[in-house]
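What follows is a set of notes on a single structure, which appears directly below.
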Amino acid sequence: MNTRRMHVRNAQTRETAINGRVIGPDYPPYVVAELSANHNGSLSQALRLIDAVQQAGADAVKIQTYRPDTLTLRCDKPDFLIQDGLWAGRHLYDLYEEAHTPWEWHPTLFEHAHRRGITLFSSPFDATAVDLLESLNTPAYKVASFEIVDLPLIARIAQCRKPMLISTGMANDTEIAEALQCALDHGAESVTLLHCVSSYPAPSEDYNLRTLSDMQRRFGVPIGLSDHTSDNSVATAAIALGACVVEKHVTLSRQGGGPDDSFSLEPDEFACLCRDARRVWSALGRVTYARTNSEKQNNCFRRSLYFVKPLKAGDRIDASAIRSVRPGYGLAPKHQAALIGCTVNTSVDYGDPVTWSVIHSPPAQKDIKKAQDNVL
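In terms of the numbering used here, the sequence shown opens at residue 1052 and continues consecutively.
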């Protein structure tokens, strides 16, 4: 990958919003459930999936808007036969015919999501799909990895002036910069880039999650993850590295037999992702070296200086008179060397904490520091 910074004009650096939900580093991760083909040809199953991910805690559910003839040709030539991977041996047209979400379902899906209080948006794959989604007032758009090189499609989506998410699977830095610049030039309200590995399922070791922070520096927009791995570890790790969005395929059952079921999360696993992603984000917090509220009650268990034999007023402190022990109500152990030779101004007993109030003529700071240096 080219190591130079990609300068993208007018990139929005900190945050965006979809349906009023702000997305950015200072907000909990935006978790998107990808339905893809996991309706398995059943509208009722698609509706049940929306219910399931809403109950699991998703912020949004995403579908895909295409017809097989908007993606490929009905052709039996070798170019159109999938040779490897999960769908090896299938013709593109047949696969997309099985996997597509019928356009006549779209109004029902949008209305159902609205009633359930969850955002629904889609990945369009041609201009007619954009027209359909605009008629349904979609709040955002996702550009799929395979379409990142389709700059005319990106321009058409951007003209709707809504938030866009662009998945970057298979794209190099130049192609990402071109897609982002195209979206911004044509009016996209904002753009979020989703790091992705376009393999189904994708090996965890292929994700190279350190790319996330580099993407944010290079392109100056919010970044996220479109995750095709088989569990939640990569997605939760991405949150710690700055991902503001996590997208994951969801199915009612991995045994459902559909084209995407086998690499998708089931609802209980997706619920764990929603919980863990937000827990990891919460743990990031802010840069601080202050004692936390949960630590304050345990301060007493630190070591501090205590008298280990009785002394009368005017007695001199020697090395046998004080020790560094728990609890932490006395002076810090760093003062031990400077206290040797000092006198007490009142009687003290075994087990009394050493405090400045019982020391006659406490040493100056420079003498404390000098004594510490001599010991250390």
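We put the beta carbon where it would ideally sit given N, CA and C, even for glycine.
Own chain residues within Cβ distance below 6 Å of residue i, not counting five before or after
i       : result
Gln1096 : His1090
Tyr1340 : none
Thr1054 : Annotation note: pLDDT 36 at Thr1054 (below 50); position unreliable, no value reported.
Ala1191 : Ile1069, Phe1172, Lys1213 and Pro1214
Lys1420 : none
Tyr1144 : Pro1119, Thr1123 and Arg1125
Ile1133 : Ala1139 and Arg1141
Arg1353 : Gly1379
In DSSP terms, what residue i is bridged to
i       : result
Glu1085 : Lys1113 and His1300
Phe1358 : Ile1373
Leu1276 : His1246 and Val1297
Pro1203 : Beta-bridge pairing links Pro1203 to no other residue.
Pro1404 : Tyr1357
Arg1367 : Thr1394
Ile1101 : BP columns for Ile1101 are empty, so no partner.
Pro1125 : The sequence shown places Arg at residue 1125, not Pro. DSSP output for Arg1125 lists no bridge partner at all.
Lys1193 : Leu1216
Leu1132 : His1142
Ala1068 : Val1073
Ile1410 : Val1395
Thr1339 : In the DSSP output, where bridge partners are listed per residue, Thr1339 has none listed.
Leu1316 : Val1301
Thr1170 : Ala1111
Pro1175 : Thr1116
Ser1241 : Pro1214
Closer than 8 Å to chain B by CB, residue i
i       : result
Pro1361 : Considering every chain present, this structure includes no chain B. It has just one protein chain.
Own chain partners of residue i with C-beta closer than 8 Å, once the 5 adjacent residues on each side are dropped
i       : result
Met1266 : Thr1219, Ile1227, Leu1244, His1246 and Ile1274
Arg1326 : Gly1108
Leu1382 : Ser1355, Leu1356, Leu1390, Pro1404, Val1405, Thr1406 and Trp1407
Pro1158 : Leu1187
Glu1320 : Asp1282 and Asn1283
Beta-carbon contacts of residue i that lie in its chain and below 7 Å, excluding the five residues immediately before and after
i       : result
Val1200 : Glu1226
Met1052 : With a pLDDT of only 37 at Met1052, under 50, the local geometry of the prediction cannot be trusted, and no value is derived from it.
Thr1399 : First, the amino acid is wrong: residue 1399 is Val here, not Thr. For Val1399, where only same-chain residues beyond five positions count, the Cβ hits under 7 Å are Phe1358, Pro1361, Leu1362 and Val1409.
Leu1094 : Trp1156 and Thr1159
Asn1425 : Ala1388
Glu1148 : Pro1119
Asp1127 : His1142
Burial state of residue i (16 or more Cβ within 10 Å)
i       : result
Pro1129 : exposed
Gln1105 : buried
Val1338 : exposed
Asp1257 : exposed
Gln1416 : exposed
Ala1334 : exposed
Trp1332 : buried
Gly1071 : exposed
Arg1056 : For Arg1056, the predicted structure reports a pLDDT of 48, less than 50, and the residue's modelled location is therefore unreliable. A value from the coordinates is still provided. Exposed, since its Cβ has fewer than 16 Cβ neighbours within 10 Å.
His1165 : exposed
Asp1182 : exposed
Ala1139 : exposed
Pro1310 : buried
Ser1264 : exposed
Ser1371 : exposed
Glu1085 : buried
Pro1318 : buried
Lys1347 : exposed
Asp1312 : buried
Leu1137 : exposed
Rounded straight-line distance, which links the Cα of residue j to that of residue i
i       : j       : result
Ile1368 : Asn1350 : 26 Å
Asp1110 : Val1082 : 5 Å
Glu1066 : Gly1293 : 12 Å
Val1301 : Arg1060 : 35 Å
Ser1315 : Lys1299 : 7 Å
Arg1141 : Ser1345 : 57 Å
Leu1324 : Pro1414 : 57 Å
Glu1240 : Thr1189 : 13 Å
Arg1167 : Ala1088 : 21 Å
Gly1402 : Cys1295 : 53 Å
Cys1233 : Leu1124 : 27 Å
Gly1307 : Val1297 : 24 Å
Glu1229 : Gly1336 : 34 Å
Ser1412 : Lys1385 : 18 Å
Arg1269 : Leu1231 : 11 Å
Asn1283 : Pro1079 : 17 Å
Leu1122 : Ala1178 : 12 Å
Asp1077 : Gly1271 : 15 Å
Leu1202 : Leu1184 : 19 Å
Residue i beta carbon near the ligand ADP (any heavy atom closer than 7 Å)
i       : result
Lys1213 : Annotation note on the ligand ADP: not contained in the displayed structure, which lists no ligands.
Problem - Sufficient close CB pairs (3 or more, under 8 Å) joining the stretch 1099-1109 to the stretch 1208-1215 - result: no
Practice task
Specify whether the stretch 1247-1255 and the stretch 1272-1289 touch according to this definition: at least 3 beta carbon pairs, one from each stretch, less than 8 Å apart.
Solution key: yes
Handout entry: Segment contact flag, the stretch 1113-1129 with the stretch 1162-1178, C-beta cutoff 8 Å, min 3 pairs
Key = yes
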